[in-house]
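Protein chains in written order, with the working numbering: chain G, 537 to 563; chain X, 59 to 267. Even for Gly, the Cβ is constructed at its ideal location relative to N, Cα and C. Worksheet for the structure shown next.
So this is what it looks like as structure tokens:
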């Protein structure tokens with residue numbers, strides 16, 4: 537757990553938002 | 059036992075006890091996703107940001123999103139009333155927040171919010187300052203440091219010009235001198251780094267728990 541941002545799934549959200557295709561994440 | 063993620067970006071800081079830690083974590087993620095998306099949209103509108111490599115854009119956003127949100131939502135910290143309003147609209151007192159485990163960081167966050175508010179930034183100044191917060195060439199993992207440095211310098215120059223213009227009285231010809239307001243504003247950058255580090259430690263402790 538050395539990278540809190542990765543733990544939060546932040547990178548995934550950021551990459552999708554940058555590409556303009558952020559979709560609702562499944563619950 | 060009760061799980062509490064006392065973050066202003068969390069719609070449900072008091073988690074449903076019937077949910078698993080994984081589900082609670084996912085609910086939290088869904089809570090802050092719109093705010094993160096707004097930060098990304100903000101970044102896209104910074105002139106020159108989209109010209110950086112995609113990896114550098116991601117690196118800057120990963121490292122700086124907390125700091126941008128801290129600036130953006132600093133008004134949620136009511137220093138006078140000693141309360142914090144979460145994005146859900148719920149307002150919590152200092153005692154409630156401490157009971158929720160938000161102790162060590164809280165004072166530093168109030169302090170930052172108070173100092174930022176005293177600078178009385180216009181929306182234009184706040185926007186440019188936020189861009190400077192995000193475009194920091196010293197974040198670890200930057201591939202093209204020169205490109206980020208160049209953009210950072212341009213943004214700081216624009217911020218300096220804007221803040222000095224609004225602060226220095228007409229007729230004052232000390233063009234080479236920065237206004238104390240600009241200096242104070244730049245000193246908020248290391249404060250934000252400290253808060254970011256504290257926040258990361260907090261997140262780590264939650265994940266390990």
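- Taking 9 Å as the CB threshold, residue 87 (chain X) lines the interface with chain G.
- Taking C-beta separations shorter than 8 Å and ignoring five residues to either side along the sequence, the partners of residue 240 (chain X) in its chain run 217, 218, 221, 222 and 225, following chain order.
- The residue among X:119, X:249 and X:109 with its C-alpha nearest the C-alpha of residue 199 (chain X) is X:119.
- Residue pairing by DSSP puts residue 72 (chain X) in a beta bridge opposite X:62.
- Contact between the segment 103–121 of chain X and the segment 548–558 of chain G is present: three or more C-beta pairs spanning the two stretches fall below 8 Å.
- The Cβ atoms of residue 174 (chain X) and residue 132 (chain X) sit closer than 9 Å to each other.
- When the beta-carbon positions are compared, residue 546 (chain G) and residue 123 (chain X) come within less than 9 Å of each other.
- A Cβ-Cβ separation of about 6 Å places residue 202 (chain X) in contact with residue 111 (chain X) under the 8 Å criterion.
- For residue 170 (chain X), the secondary structure class from DSSP, reduced to helix, strand or coil, is helix.
- Bounds of the beta strand (DSSP E) holding residue 151 (chain X) are 149–151.
- Nearest in C-alpha terms to residue 69 (chain X), of all of X:150, X:146, X:82 and X:104, is X:146.
- Of all residues in the segment 141–159 of chain X, none places a beta-carbon less than 9 Å from a beta-carbon of chain G.
- Secondary structure of residue 142 (chain X) (DSSP, three-state): strand.
- DSSP, reduced to helix, strand and coil, places residue 90 (chain X) within a helical segment of the structure shown.
- With a threshold of 9 Å between beta carbons, residue 90 (chain X) makes contact with chain G.
- In this structure, the alpha-carbon of residue 114 (chain X) lies about 12 Å from that of residue 207 (chain X).
- Between residue 260 (chain X) and residue 63 (chain X), the alpha-carbon positions lie close to 10 Å from each other.
- Bounds of any alpha helix (DSSP H) do not take in residue 77 (chain X), whose DSSP letter is neither H nor E.
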